[in-house]
Amino acid sequence: MPKGDYFKTQEWKEKQKERMLGLDNPMNNPESRKLQALNRKGKGGEAVSKAMKGKLKSIEHCRNISKSKLGNKCFLGKRHSEITKELFSEQRKGCRLGKENSNWRGGTTSIGEMIRVSERYLSWRMQILIRDNFTCKKCGRQIDLEVHHIRAFWVLLQEARSYLPLLSLYEAAMLYTPLWNLDNGETLCEDCHMEKDSFRKRVGKRK
17 MPKGDYFKTQ EWKEKQKERM LGLDNPMNNP ESRKLQALNR KGKGGEAVSK AMKGKLKSIE
77 HCRNISKSKL GNKCFLGKRH SEITKELFSE QRKGCRLGKE NSNWRGGTTS IGEMIRVSER
137 YLSWRMQILI RDNFTCKKCG RQIDLEVHHI RAFWVLLQEA RSYLPLLSLY EAAMLYTPLW
197 NLDNGETLCE DCHMEKDSFR KRVGKRK
């Protein structure tokens, strides 16, 4: 057809309207839509569509699908090459470890664990539980109880280190009176403790 402007007659407009509203238009014909969908999917898509048509997945089937997707199993049984390990090592060299990390507390983690299992700490904890009648001070529950430090435990350890620098951190903590002040502890249940203490929230629920 030669180029140019063509006048759309009324007859042409009516035929165009009938085509758009009629069954010739795939959007108005369910069978045509199905054929188009199958052509896009191919033979495999057609087989899957027929197999699953009108069927609902059982609860067991859904659970099996969920279990199969837990974790990344694409690397199961494989090992990184030596070149890949070297690349990982180079990438980690810029990470802030130890004292360079913003969460560094002076290397008090292992000492803190030793203090928490000491007889003096367990005695301090039990005295607070007895004082609070084994009841959460916030919600009143009497299960899953913990003792919360009003002044953070690691802050008190740092103070003990600065006040008694000639002693080891463990010995300084045992002699530092504010660490064993009963007024610095309160009984909370696990959930309330996680709400109140950001560090306890990061640790998560105990098993």
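Numbering-wise (my numbering), the sequence shown opens with residue 17 and increments by one. No residue lacks a Cβ here, since even glycine has one placed at the ideal position from N, Cα and C.
query: Pick from Glu76, Asn149 and Cys155: whose alpha carbon is nearest that of Glu211?
result: Cys155
message: According to DSSP, simplified to helix, strand and coil, what is His165?
response: strand
query: Which residues does DSSP pair with Gly201 in a beta bridge?
result: Gly201 is bridged by DSSP to His165.
query: Grouping DSSP H, G and I as helix and E and B as strand, with all else coil, what is Trp170?
result: For Trp170, the secondary structure class from DSSP, reduced to helix, strand or coil, is helix.
task: Identify whether His77 lies in helix, strand or coil by the three-state DSSP scheme.
output: In the three-state reduction of the DSSP assignment, His77 falls in the helix class.
task: Less than 8 angstroms between the CB atoms is what I'm expecting for Ile144 and Gly201, so what's the real figure, rounded?
output: The beta carbons of Ile144 and Gly201 sit about 4 angstroms from each other, so the pair counts as a contact at 8 angstroms.
- request: Helix, strand or coil for Gln26, going by three-state DSSP, please let me know.
  value: Under the three-state reduction of DSSP output, Gln26 falls in the helix class.
task: Find the nearest neighbour of Gly122 within the set Leu191, Phe169, Lys153 and Asp207, judged by alpha-carbon distance.
output: With respect to the C-alpha of Gly122, the residue from Leu191, Phe169, Lys153 and Asp207 having the closest C-alpha is Phe169.
message: Is the beta carbon of Tyr186 closer than 8 angstroms to that of Ile146?
response: no
- request: Quick one: residues in its chain with C-beta nearer than 7 angstroms to the C-beta of Cys208, no 5 flanking neighbours on either side, listed in chain order?
  value: Cys152, Lys154 and Cys155
Local conformation of Leu145 per DSSP, three classes: helix
query: What is the DSSP secondary structure of Tyr192, counted as helix, strand or coil?
result: coil
message: Taking only three categories from DSSP, how would you classify Leu182?
response: coil
message: Measuring straight from C-alpha to C-alpha, what distance separates Leu172 and Ile99?
response: A straight-line Cα-Cα distance of about 46 angstroms links Leu172 and Ile99.
query: Just curious, the alpha helix (DSSP H) that Cys208 is in, first and last residue?
result: Glu206 to Lys212
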